[in-house]
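The letter at position 208 of the sequence shown is residue 975 when you use our numbering, and the numbering goes up by one with no holes.
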Amino acid sequence: MSTTTTTTPAKTFQELGLSELTLQSILAMGYETPTAVQQESIPIALSGKDLVVQSRTGTGKTAAFGIPVVEKIDADVPKVQAMVLTPTRELTSQVCEELTKIGAGRGLRVLAIYGGDPIDKQINGIRDGAQIIVGTPGRVLDLLKRRELVLSSVQSLVLDEADKMLDMGFAQEMSEIMAFVPKDRQSSLFSATVPLGIKGIIHNFLNDPVSISLSDDFAYVREVRHAYIIAPTAQKERILYQLIELDQPSSSMIFCNTKNEVRSVSTFLSRQGLPVAMISSDLTQKKREQVMAQFRSGEILHLVATDVAARGIDVFDLSHVFIYSTPDSPEDYIHRAGRTGRSGRAGDVVSLVAATDLMNFNRLANRYELELTERNVPTEEEALQKRNERLIDRVLTEARDSASKGRTEMDGLATVILEHEDRNTIVSYLAHQRLVQRPKDVAADEPGGDAGDAEVVEIKADKTSDNGERIAEKKSPRRRRRPRRPEGRR
């Protein structure tokens, strides 16, 4: 395997030798100067060589493989000529959307294929001449076995989030899919981390690849601040809530190791009056897309999820990542942390570390030489003050935006309440009804939905043709001794 780690001088997209129609699409997307990973990988991909690209999260990897893929498509041939495989449905939709925009100038047809979406619609999309397939392994394999998806004309194969695509969870599906892809294809692997465990099997998928490593020295984004709090397990939910009130994130993702933790945390935060949702397999794909749209639009500010949601999901202006339970894998920490600090923006990652997890946390901190700061547990008084300020600001904003007629009609009642001997009781009740009442559950119309809990959606790896929910949840190992805190990083 040949290797390059050099960083080329800044170039324009015009200097990369792209077609005029692709350049027009890129400019329409607001792209001006290629990022380092795009500068390095696009010329090599256009030359036809196989690639293994390791680059930090938020550096533009989708466009780095998407632009060469689009450039190689023959727009006049209504056959599948390229395929991108991803580990999750949400990442599949995101990549499909970006490739559609890149290929818009050339009129290319890009189709997303994943479980949970009607298979008949996907079959029709293939028959209508889809030229680029973006899919999850389970549904792709299903369509291949049905002989509805034919890959004999595929020239380009991309594995996005390659470390997850090649681990044991996807090994069987990936092996079967490769039997349907031409041997003379060009293959590319893109990921923020390339663990030793998958380096030995890369040769099964690529032919003498060029390796581009732009994150060997540090896999995380420099602009992101990493902190931790020693938090007893029984107090984690309360401490997390106090942290959210104290930091007032513009939006946040909260990562847990298990589905039960996700449900418990999201329900607790919802009952504190926070606009929160969780991602779970309990919902239809339509509901999952609805929650992600609400999160991206800012209607929902806090999203609680398992590890798979860390894979490639891009949310603008995500200021905080809270790691509720320490991941088993250092690479999972990097992918979780990578949801913030994207495209050069700053961000904060705060880990709640129980005493039993300190050894594991030390291991991942040392693996990537994280510059850690220990934070103190926020006090109840600090959190309460911030919470009151937030709610008062909300009341004032809504009051100033309300119709003047309606406010005038209530002025007399407001005066009576303020002069009443039980005014504290009345105001407290009205505030609770208007500001702290739990949000209506988006899953209430689903089987088993409960409008009293948080909104429920879980992003999971798509491992079967329809449901895609076979991946096992991780559990943090039990440890008997209390290890030392991270040394030299306070």
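The C-beta atom is built at its ideal place from N, Cα and C for all residues, glycine as well.
Short of 6 Å from the beta carbon of R1190, and not among the five residues preceding or following it, lie these beta carbons of its own chain, in chain order: I1184. Under the three-state reduction of DSSP, V991 is assigned to strand. One thing to note: V1082 has its Cβ within 8 Å of the Cβ of R1106.
Listed in chain order, the non-local C-beta contacts of L1137 below 6 Å within the same chain comprise H993, local neighbours out to five positions each way being set aside. Boundaries around L1070 are those of the beta strand (DSSP E), H1069 to A1072, since no alpha helix (DSSP H) includes it. Per DSSP, E864 is one residue of the alpha helix (DSSP H) stretching across R856 to I869. In this structure H1102 does not touch A938 by the C-beta definition: roughly 19 Å separates them, more than the 8 Å allowed.
Burial check for D1099: the Cβ neighbour count within 10 Å reaches 16 or more, so the residue is buried. With respect to the 8 Å criterion, D1095 and N1127 are classified as neighbours on the basis of their beta carbons. A Cβ-Cβ contact shorter than 8 Å links L981 with S822. Take V862, set aside five residues on each side of it, and the residues of its chain with a beta-carbon closer than 7 Å to its own are T829, V851, T853, V901 and D927, in chain order.
Judged by their CB atoms, L933 and R952 are not nearer to each other than the 8 Å cut-off. With the rule of 3 Cβ pairs closer than 8 Å, the segment 878-891 counts as touching the segment 904-920. I1090 counts as buried, since no fewer than 16 other beta carbons sit within 10 angstroms of its beta carbon. Between the alpha carbons of S808 and V836 lies a distance of about 12 Å. With 16 or more other CB atoms across the displayed protein chains lying within 10 angstroms of its CB, M1059 is buried. In its chain, beyond the 5 residues on either side, Q1009 have a beta carbon closer than 8 Å to the beta carbon of T1146.
As DSSP reads the structure, Q953 sits in a beta bridge with S923. For N971, the closest C-alpha among the options R1134, L1180, V819 and D1124 is that of V819. With contacts defined by Cβ atoms closer than 8 Å, S1086 and S1019 form a contacting pair. By the Cβ rule, the segment 1111-1125 does not count as touching the segment 1036-1045, because fewer than three pairs are nearer than 8 Å. Counting the other Cβ atoms within 10 Å of the Cβ of I1011 gives 16 or more, which makes it buried. Taken through DSSP and simplified to helix, strand or coil, Q821 comes out as strand. Separation of E1149 and I968 (C-alpha to C-alpha, rounded to the nearest whole angstrom) is 51 Å. According to the DSSP assignment, V847 belongs to no alpha helix (DSSP H), since it is labelled neither H nor E. Here the alpha carbon of A929 sits roughly 11 Å from the alpha carbon of K966. L1158 has its alpha-carbon roughly 54 Å from the corresponding atom of V977. Under the DSSP assignment, S1118 falls in the beta strand (DSSP E) whose first and last residues are G1114 to V1120. D1084 is positioned such that its CB atom lies closer than 8 Å to that of S1017.
Taking the Cα positions, F1062 is about 10 Å away from M1045.
Out of I979, G870, Y1135 and G1179, the CA that lies nearest to the CA of I834 is found in G870. Its Cα nearest to that of N1027, the residue S1047 stands out among V1043, G1179 and S1047.
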